[in-house]
Amino acid sequence: MDPLGLDAIQAGKRKGTDKAKTGPKPFGTGPHNEKIAEVAGQVSDGRIIAGGQLLPEKAIPTPNGLKASRRPDILVEKPDGSIYGINVGKTTKSGAPIKREMEAIYDLEDVGIPMHFIPYFKK
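For the sequence shown, this note's numbering gives the first residue as 12, with consecutive numbering after it.
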């Protein structure tokens, strides 16, 4: 018996299904990546240093987070040297980020990365 679904995770499958987990989509494909590229093109207060469909995403260690590290969709460095992240994601019916998006935002903000969230909607 595997109440936490760990066997499925280790086998590379989604919890509660026999379907394989899907990996990240290649640069520029899919509505999520298209929205990331759109948002990256609008960044005007600094330079993109990771992600944005321009550069590889950077793993940020989150030692006390729900995950050991997180990768913001876009990481921006302002002229003063400060950085912030932008995540693009799905929302609930009420417009709030879905749970996994909120968890990522909390983990990153807990290590000092201010985060912005931009919703996207599948076409």
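Glycine included, every Cβ here is placed at the ideal spot set by N, Cα and C.
Just so you know, these numbers come straight off a predicted model, no measurement behind them.
Burial state of GLY16, where buried means 16 or more other Cβ atoms lie within 10 Å: Taking the sequence shown and counting its residues from 1, one reaches residue 16 at position 5. Only weak support exists for where GLY16 lies, its pLDDT of 44 falling under 50; the value from the coordinates is given anyway. Per the 10 Å Cβ criterion, exposed.
Assigned secondary structure, GLU9 (DSSP; H/G/I helix, E/B strand, else coil): There is no way to answer for residue 9, as the model of the chain reaches only from 12 to 134.
Same chain only: Cβ atoms within 6 Å of ALA61, ignoring 5 sequence neighbours per side: By 1-based counting over the sequence shown, the position of residue 61 is 50. Beyond the five residues adjoining it in sequence on each side, ALA61 comes within less than 6 Å, by CB distance, of GLU68, LYS69, LEU86 in the same chain, given in chain order.
Backbone CA spacing between ILE47 and GLY63 [nearest angstrom]: As a first step, residue 47 is located in the sequence shown; it is residue number 36 there, counting from the start. As a first step, residue 63 is located in the sequence shown; it is residue number 52 there, counting from the start. Between ILE47 and GLY63, the C-alpha separation is close to 6 Å.
Selected residue, minimal CA-CA separation from LYS89, among PRO130, GLY52, ILE59, GLU49: Here residue 89 corresponds to residue number 78 of the sequence shown, with the count starting at 1. The option with the nearest alpha carbon to LYS89 is ILE59.
GLY96 classed as buried or exposed, judged by whether at least 16 other C-beta atoms fall within 10 angstroms: Counting from 1 along the sequence shown, the entry for residue 96 is found at position 85. Buried, because 16 or more other Cβ atoms sit within 10 Å of the Cβ of GLY96.
Three or more C-beta pairs below 8 Å linking the segment 51-58 and the segment 73-82: Counting Cβ pairs under 8 Å, fewer than three are found: no touch.
Helix, strand or coil at ILE116 according to DSSP, with G and I counted as helix: Reading the sequence shown from its first residue, position 105 is the one you call residue 116. If DSSP states are grouped into helix, strand and coil, ILE116 belongs with the helices.
Rounded distance between the beta-carbons of ASP84 and VAL99, thought under 8 Å: The count along the sequence shown starts at 1 and reaches residue 99 at position 88. The count along the sequence shown starts at 1 and reaches residue 84 at position 73. Confirmed, about 5 Å.
When ASP121, HIS43, PRO130 are compared against SER105, the one with the closest alpha-carbon: For this step, residue 105 is matched to residue 94 along the sequence shown. The shortest Cα separation from SER105 among ASP121, HIS43, PRO130 belongs to PRO130.
Burial state of THR73 (16 or more Cβ within 10 Å): Counted from its first residue, the sequence shown places residue 73 at position 62. Taking all protein chains shown into account, THR73 has 16 or more neighbouring C-beta atoms within 10 Å of its C-beta and is therefore buried.
Residues bridged to HIS127 (per DSSP): Your numbering for residue 127 matches position 116 in the sequence shown. Beta-bridge annotation (DSSP): HIS127 is paired with ILE97.
Buried or exposed (CB count within 10 angstroms, at least 16 for buried), ALA107: Against the sequence shown, residue 107 aligns to sequence position 96. Classification of ALA107: exposed, given that the 10 Å Cβ count is below 16.
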